[in-house]
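First up is the structure itself, then whatever we jot down about it.
2 protein chains.
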Amino acid sequence: MGLRRSGTDKHPGRRQVVSKPPPRPMRYATSRDALIAAGMVALRRGGYHGTGLTQILEATALPKGSFYHHFPNKEAFTLEVIRGFGDAALTQLDRTLAGHPDDPTVGLEQYFLQLCQQYSEEGFALGCLLGTLGQEIGAARPAIARTVRTYLDALHRRFTSAIAEAQNRRLARDDFAAQILADWLANGWHGALIRMKVEGSDGSVRSYLGSFFQFLRSNV
Amino acid sequence: MGLRRSGTDKHPGRRQVVSKPPPRPMRYATSRDALIAAGMVALRRGGYHGTGLTQILEATALPKGSFYHHFPNKEAFTLEVIRGFGDAALTQLDRTLAGHPDDPTVGLEQYFLQLCQQYSEEGFALGCLLGTLGQEIGAARPAIARTVRTYLDALHRRFTSAIAEAQNRRLARDDFAAQILADWLANGWHGALIRMKVEGSDGSVRSYLGSFFQFLRSNV
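Have a look at this one:
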């Protein structure tokens, strides 16, 4: 199960050093992580119904038994992928907001622009997993709906508190409640991502973000 | 290839009369229309990958041969369903705007509220076909992406011209271009529909519409 990386690994004795680049922790963790990573790409690209076990196994070169060792079924697997995606999104948002302590609106905007950049590198074929599964599955699978909603709500609370903080510091307009403005931002973002996928470009989504943040910062 | 409809067709000689009530005009048109109607429900509910031919045939009680008589494949069928959905949406929008000649913002708002009402009656499990397929398929199937985009663009042009007209008549704020405001409305709507599906209620989407139209009509 070699990773075959085009490496510059001249010091194999140092492979255990924690700060060393990415992959390959323990074998057990690796196959689970590999399955989740492959699932994230597949589910973001094709959605729940468009993702098959065969595809995940091919992408990871793992046997079917390995999948079922870690996950009882496709839905349980999908829930873990959502958690992986959602936790990463929350971490990225927190880190980006923390990186712009002087203006939370800048931190927020940077977070979305980073996502645009990522989606661009992925050729605009993969969007937000929460929006994709929320749209496709909706309430038809309650466990998926509940998990998607948990993360959408957690992100939304952070958008709201960042905007509220900016309002308090007169960096954002306050003629609408922070929660309403966070609604607009999140809804507009998810809607603009549909255009991104259809258009194969991030023109619409960048235009949306530009006008929204111009609006948010005006009239203060 | 019997249609097996519970018919009351006591006058088979009058089957060609164009003005005769809804169902069952000509045999040929009926089976095609029935397939498209069933496809619209299935695709709005389960998306492209979540919709199977078996399901469409069961819903219509038509044989497989009938499907392939009308449509060469699932993609061609889906394109016709999108056209049916998109044409109906444009007609409904035009009619609603025409019904509110004194204020285009009211016509626009009513159009979206009618859709909320429809989605509510459908139990919030079915959303906008354009958003659903745009999100799920994106650019992966160029013909679908192109057709979805054609209708999104046509709707967007009407939103823009309705808002521009309202701006000219000082019924809508004009500190943002009509096209930008139409972007916000359309993106926010599609994003809010994702929440509708996940939450199984239209609370979020109605709240979004309320705040957007309040904003649109303010500052004039």
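Chains as they are written, first to last, in my numbering: chain A, 960 to 1179; chain B, 960 to 1179. Virtual Cβ for every residue (Gly too), placed ideally from N, Cα, C. Nothing here was measured: the structure is a model prediction, and the numbers come from that model.
Cutoff 8 Å: residue i Cβ touching any chain B Cβ
{"i": "residue 984(A)", "result": "A caution first: residue 984(A) carries a pLDDT of 41, below 50, which makes its placement in the model unreliable, though a value can still be read off. Residue 984(A) does not count as touching chain B."}
{"i": "residue 1044(A)", "result": "no"}
{"i": "residue 1071(A)", "result": "no"}
{"i": "residue 1153(A)", "result": "yes"}
{"i": "residue 1139(A)", "result": "yes"}
{"i": "residue 1135(A)", "result": "yes"}
{"i": "residue 1032(A)", "result": "no"}
{"i": "residue 1012(A)", "result": "no"}
{"i": "residue 1048(A)", "result": "no"}
{"i": "residue 1111(A)", "result": "yes"}
{"i": "residue 1079(A)", "result": "no"}
{"i": "residue 1123(A)", "result": "no"}
{"i": "residue 1008(A)", "result": "yes"}
{"i": "residue 1018(A)", "result": "no"}
{"i": "residue 1102(A)", "result": "no"}
N- and C-terminal bounds of the alpha helix (DSSP H) containing residue i
{"i": "residue 1079(A)", "result": "1063–1080"}
{"i": "residue 1116(A)", "result": "1101–1127"}
{"i": "residue 1093(B)", "result": "1088–1096"}
Residue i, buried or exposed, once every other Cβ within 10 Å from all chains shown has been counted against 16
{"i": "residue 955(B)", "result": "With chain B covering only 960 through 1179, there is no way to say anything about residue 955(B)."}
{"i": "residue 1090(A)", "result": "buried"}
{"i": "residue 1050(A)", "result": "exposed"}
{"i": "residue 1017(B)", "result": "exposed"}
{"i": "residue 1126(B)", "result": "buried"}
{"i": "residue 1110(B)", "result": "buried"}
{"i": "residue 1173(A)", "result": "exposed"}
{"i": "residue 1129(A)", "result": "exposed"}
{"i": "residue 1146(B)", "result": "buried"}
{"i": "residue 1031(A)", "result": "exposed"}
{"i": "residue 1027(B)", "result": "exposed"}
{"i": "residue 1156(B)", "result": "buried"}
{"i": "residue 1024(A)", "result": "exposed"}
{"i": "residue 1060(A)", "result": "exposed"}
{"i": "residue 1054(B)", "result": "exposed"}
{"i": "residue 1177(B)", "result": "exposed"}
{"i": "residue 1081(A)", "result": "exposed"}
{"i": "residue 1035(A)", "result": "exposed"}
{"i": "residue 1093(A)", "result": "buried"}
{"i": "residue 1179(B)", "result": "exposed"}
{"i": "residue 1011(B)", "result": "exposed"}
{"i": "residue 1022(B)", "result": "exposed"}
{"i": "residue 1004(B)", "result": "buried"}
Short CB-CB distance (under 8 Å) between residue i and chain A
{"i": "residue 1158(B)", "result": "yes"}
{"i": "residue 1127(B)", "result": "no"}
{"i": "residue 980(B)", "result": "The predicted position of residue 980(B) is uncertain, since its pLDDT is 49 and thus under 50; a value taken from the coordinates is nonetheless stated next. No - not a single Cβ of chain A is within 8 Å of the one on residue 980(B)."}
{"i": "residue 1000(B)", "result": "no"}
{"i": "residue 1061(B)", "result": "no"}
{"i": "residue 1167(B)", "result": "yes"}
{"i": "residue 996(B)", "result": "no"}
{"i": "residue 1179(B)", "result": "no"}
{"i": "residue 1107(B)", "result": "yes"}
{"i": "residue 1083(B)", "result": "yes"}
{"i": "residue 987(B)", "result": "Because residue 987(B) sits at a pLDDT of 41, beneath the cut-off of 50, its placement in the model cannot be relied upon, and the following sentence gives the value as read from the coordinates. No, residue 987(B) does not count as interfacial toward chain A."}
{"i": "residue 1142(B)", "result": "yes"}
{"i": "residue 1094(B)", "result": "yes"}
{"i": "residue 1114(B)", "result": "no"}
{"i": "residue 1058(B)", "result": "no"}
{"i": "residue 1099(B)", "result": "yes"}
{"i": "residue 1119(B)", "result": "no"}
{"i": "residue 1091(B)", "result": "yes"}
For residue i, the three-state DSSP class (helix, strand or coil)
{"i": "residue 1161(B)", "result": "coil"}
{"i": "residue 1029(B)", "result": "helix"}
{"i": "residue 1132(A)", "result": "coil"}
{"i": "residue 1059(B)", "result": "coil"}
{"i": "residue 1146(B)", "result": "helix"}
{"i": "residue 1083(B)", "result": "coil"}
{"i": "residue 1166(A)", "result": "helix"}
{"i": "residue 980(B)", "result": "Model confidence at residue 980(B) stands at a pLDDT of 49, short of 50, so the residue's coordinates are unreliable; what they give is reported in the following sentence. The answer is coil: DSSP assigns residue 980(B) none of H, G, I, E or B."}
{"i": "residue 1047(A)", "result": "helix"}
{"i": "residue 985(A)", "result": "In this prediction, residue 985(A) has a pLDDT of 41, which is less than 50 and means its spatial position is unreliable; nothing more can be read from the coordinates."}
Proximity test, residue i beta-carbon vs the ligand COA heavy atom, cut-off 7 Å
{"i": "residue 1078(A)", "result": "Absence of the ligand COA from the depicted structure is noted, as is the absence of any ligand whatsoever, leaving it without description."}
Give the list of continuous alpha helix (DSSP H) stretches no shorter than 4 residues that lie fully inside the region 987–1044 of chain B. 1012–1019, 1023–1029
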